[in-house]
Structure formats: structure tokens, C-alpha cells
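Residue numbering for the sequence shown is -19 to 418, as defined by the numbering used here. Comments concern the structure below.
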Amino acid sequence: MRISVIGTGYLGAVHAACMTRLGHEVVGYDTDSAKVDSLSRGVSPFFEPEFGAVLESALATGRLRFTSSAEEAVRGAKVHFICVGTPQQLGSDAADLHFVDAAVQMVADVADCDGLIVGKSTVPVGTAQRLADRLNRDGSRLELAWNPEFLREGLAVRDNLHPDRLVFGVTSQHAEKSLMEVYAKIIDDGTPYITTDLATAELVKVAANSFLATKISFINAMAEVCEVANADVVTLSEALGYDARIGRRFLSAGLGFGGGCLPKDIRAFSARAGELGASDALTFLREIDKINMRRRDKVVTVAGTLLGGNFLGKNIAVLGAAFKPNSDDVRDSPALNVAAAMHLKGASVRVHDPKAIPNARRQFPTLTYCSAIDDACRNTDLIVLATEWDEYRSIDPRLFLSLVREPRMLDARNAVDYDFWSEAGWQVYALGRGALNS
Ligand code: UDX
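As C-alpha cells, this is what we get:
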């Protein structure tokens, strides 16, 4: 099947390349010609394990192209995936939908045959119906469906080709049939698929992200209690996780969630519920957000305490800049947020990250960046482990003793072996492990 993918950011680029693995012929469209050039040459504009290989082999088959020409992308395609961003609006919690609106309009204006527009972007409930009504009003031959994407950064290829489930929000059997044809191979693999209305499909995505954010903030709230009750949140989440009804995943306490999805999606969801007259239903999400942001403040406060109440003249290494390991994404990164806050308080902050330094430097040019862990940690009064890359877990604390000015480790991700570091002579503070820190 001939497919167009509108928007080749993280989601669109991965989706476009993966669709060729399902046997389709795909043209990816983006207004950013630098991105189009890079992808056309087989160079990924972002770090994502496995994506480079999938991109390269998809281009080699001749079934994948990228273009900045709307006509080239849209004409002749039967299915058009909308993969553009829905960032948080400036000065508001609501989602900015102007990229989605423009993409749908562009496809409608340029398409030369019947077909299906399939939204994958995360949108406020009601958006798809509004767009479908607009297509109908304009007498378009195109139909609209919503097929939310659940991929995680760092596991994007796997999540795209082997999803836990597929969700099809449709208004006709024809649309459902087209989507089943697109995903035939994945459905044949036994992946569950759910066909529903547009609004429910949109809600599945924001509800899933809200649930994940709630799980993380729940365990971080427990960490706050552990800190005052001299209890250990790591053991607590292990013990909770054995309960099959609760499960251990997304129950890792630490610096909390960041990235381009969870923080903005829960805010946009609350804002939308308010617009629809159901604001009471989601007031808890505001608390989830507050718990999450409090963890960042907590790390800065603890760092200040460990440094004797004064950041001035102190050297701090922040290990990690990406919002999570195996990603170079620094959007709403807790690690960078903490680094910037300590820098503002007068500390000399050196940041290390295996992949995210270029992006971090663009966002916070005044921080100092080191490409080697040793350089970041040399002569420091405190190391803050802010993103749990494997490289940091395998640091030998005995070897680092002679490198630093003061052997202090603030483990904000519960990533290092507390006993090993303590026995090596370090003062270790790990979030939510009150009993261990007393
Ligand atoms: C998320 C959703 O998981 C995905 O389904 C959706 O499509 C996009 O948003 P992503 O943003 O890639 O994916 O990251 P995710 O793996 O969900 O982690 C989000 C944040 O939560 C990270 O900052 C991570 O460090 C943090 N996290 C995760 C925790 O603090 N504790 C945990 O136990 C798990």
C-alpha cells in the first residue's frame, strides 16, 4: 500500500521506516528540509537505538523516501498518517493543535484520490471529530481515523513493530478495513487490536500516559514519606511490585518524569477535562504534576544541605542530561532542570551525558559540558546522578575517590549500589532511602 507520513520528528520518522517493514511504500513529508535531507541520506536527526539500521535498510529497499513537497508525499497515497507535534501552548496547559490542523488541511487540499487520514499525534479528546466534521463540511473525499501511538523513546522501533495493542478509532467499516490492511502483519503476529469510536481512541492515549505518570508520582510520594519515616522506597517498590495487581514497572522512585510527552500530556488532559465540564475528575493530575516537580526541588535542597548550605565556590558534577537513559531528548529533562537550578545558585556545574550534550548545550548554553565522566567529576564536591545510564551504574567508586575533592554522591535515580559506594568511603544520599541515609 502507498502511505504518506506527515511530520518526520521522532514519531513520524520511526513510523515511516517501520511501515516499510510491513511491506508498504512510504513517503515521509516534513517542512524542515534539513531533516528531510538527513533522513534521505540515512542519517537519523536524533539518537534512537535500532532506528539507524531500520532507516538504512528501508531506504535500500527503495520503498522509503522523504520529501518537502506536499504533492510528492500525498498524491497517490491511500493512507496519510499525521505524526506532527502537539506541544504545550505558551502560557497555558492546553495543547497547541495548529500543526495537526495544518497537516490535515494540507492533505485535504493536495490529495488527488479517495483515502484515509489517520491521526497518530496525541490530541485532546474531541479533536478528531472536529477535524472529521471539517472534512465533511468541505466535501472532502477523505475520511478520518485516529490510531494513537504508544512508542517509548529508546524502544521506539520495537514498540512500533511489536506494540502491546493497536487502537483504531473509526467512523466506518471501510476505515477499519484500511487500518487492518496497513497493520496486517502485526495483527497476524497476534497483537490485540481494539476498534472503537474517535473519542475513545484519543482518550486511550492520554489515559495511558496519565496512569503511567500517576504510578511514578505515587512511588515518589512514598519516597517523600520514606524520607521522614526512615524507611526505604526501593525495598518498598520491590515488595509492592510482587503484587500482580500493582506490578513493579513504572514504580522506580527518583527524580520523576520528564520528556516531551508525560508532563505536557497530563496538563493538556486536565485542561481539556476542564473545558468539557469534568475538571473535578482530573484534579488529581495536578497533584501528580506537583509531586513530580517537588522531586526536582528536593534534589537541589539536599545538594545544598550536603554542601553545608552554600553552593558558592562548590564544584558539582551532574551525570545525565537526557530525560531518561538511551535517549538524547532533553525536553523537560529533570536532570537539566536540577543542573540549571544549582548553577543559578552559584555552583560551578559540569554536566556529562553519553548522547544528549549537543541538545543540552542548545537549551542551557551557560552550563559546562564534559564528554568524559572523569572530566565532569574531577575536583568535585558533589556528584549528582540524575539520569540512570548504564555507564554511571558501572562507575567504580574506589577509582573515583582520588578524582574528587569530596566523596559525596547524591543518587537521584536510585541507580548505584549504596553499600558498595558507602564501603568505598563515599557519603551517599539516595532519594527516598531515609533509613539508609540516617
Ligand atoms: C511515554 C510513554 O511511556 C509512551 O507510551 C508514550 O508514547 C510517550 O510517552 P517516553 O516519554 O518515551 O514514553 O518515556 P517513558 O519511558 O514513559 O518515561 C517517562 C519518564 O518517566 C522518564 O523521565 C523516566 O525517567 C521516568 N520514569 C519512568 C520514572 O521516573 N520512574 C519509572 O519507574 C519509570
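Don't be surprised by glycine CBs; every beta carbon is placed ideally from N, CA and C.
Using the rule of at least 16 other Cβ atoms within 10 Å of the residue's Cβ for burial, across every protein chain shown, is Pro104 buried or exposed?
buried
Is the separation between the beta-carbon of Phe26 and that of Asp260 shorter than 8 Å?
no
Please classify Ser418: is it buried, with 16 or more other beta-carbons within 10 angstroms of its beta-carbon, or exposed?
At Ser418, the pLDDT of 42 sits below 50, so the modelled position is not reliable and the matter cannot be decided from this model.
I think Ile268 touches Thr194, with their Cβ atoms under 8 Å apart; what is that distance to the nearest whole Å?
5 Å
Quick check: Glu36 and Gly22, are their CB atoms within less than 8 Å of each other?
yes
Three-way DSSP call (helix, strand, coil) for Gly3 in this model:
coil
Name the DSSP bridge partner or partners of Phe264?
Looking at the DSSP assignment, Phe264 forms no beta bridge with any residue, so it has no partner.
Got a sec? Which residues, its chain only, sit under 7 Å from Thr263 by beta carbon, not counting five neighbours each side?
none
Who are the Cβ neighbours of Leu39 in its own chain at under 6 Å, not counting the five residues just before and after it?
Gly22
What does the Cβ neighbour count give for Leu19, buried or exposed, with the cut at 16 atoms within 10 Å?
buried
Quick one: measure Cβ to Cβ for Ala366 and Val280, integer angstroms, because I've assumed they're closer than 8 Å.
That pair is no contact at about 11 Å.
In the DSSP assignment, the alpha helix (DSSP H) including Trp401 goes from what residue to what residue?
Tyr398 to Glu403
Skipping 5 residues on each side, what residues in its chain have a beta carbon closer than 6 Å to that of Leu2?
Lys165
So, do the region 58 to 65 and the region -19 to -12 have three or more beta carbon pairs nearer to each other than 8 Å?
yes
Name, in chain order, the residues that DSSP records as bridge partners for Asn295.
Ser328
Enumerate in chain order the residues of its own chain whose CB-to-CB distance from Arg378 is below 6 Å, with the five nearest sequence positions on each side excluded.
Ala404
Look up Cys241 in the DSSP assignment and say whether it is helix, strand or coil.
coil
Is any non-hydrogen atom of the ligand UDX found closer than 7 Å to the C-beta of Glu371, if you look at the structure I gave you?
no
Shortest alpha-carbon distance to Asp76 belongs to which of Ala251, Val(-6) and Asp144?
Ala251
Could you check if Phe237 belongs to the surroundings of the ligand UDX, using beta carbon to heavy atom distance under 7 Å?
yes
What is the DSSP secondary structure of Asp277, counted as helix, strand or coil?
helix
Coarse secondary structure for Gly(-13), derived from DSSP in three states
coil
Taking a contact to mean a Cβ-Cβ separation below 8 Å, would you say Gly149 touches Glu182 in this structure?
yes
Less than 8 Å between the C-beta atoms of Met(-19) and Glu161, yes or no?
yes
Have a look at Asp245, Glu156 and Gly414 and flag the residue whose alpha-carbon is nearest the alpha-carbon of Gln69.
Asp245
At a cut-off of 7 Å, would you count Asn339 as near the ligand UDX, judging by its Cβ distance to the nearest heavy atom?
no
Start and end residues, alpha helix (DSSP H) containing Gly371
Going by the sequence as given, residue 371 is Glu instead of Gly. Run containing Glu371: Asp370 to Arg373, per the alpha helix (DSSP H) assignment.
Among Met86, Asp81, Ala188 and Lys335, which one has its Cα closest to the Cα of Ala53?
Met86
For Lys177 and Asn290, I'd like the C-alpha separation in whole angstroms.
Per the sequence shown, residue 177 should be read as Asp rather than Lys. If you take the alpha carbons of Asp177 and Asn290, they lie about 57 Å apart.
Any heavy atom of the ligand MG inside 7 Å of the beta-carbon of Ala(-7)?
Looking for the ligand MG in the displayed structure turns up nothing; the ligands present are the ligand UDX.
So does Ile226 have its beta carbon nearer than 7 Å to some heavy atom of the ligand UDX?
no
With a threshold of 7 Å (Cβ to nearest heavy atom), would Asn189 be considered close to the ligand UDX?
yes
Own chain, CB closer than 7 Å to Gln343, minus 5 neighbours either side, in chain order:
Val310 and Leu316
Is it buried or exposed, Lys335, if we count other Cβ atoms within 10 angstroms and call 16 or more buried?
buried
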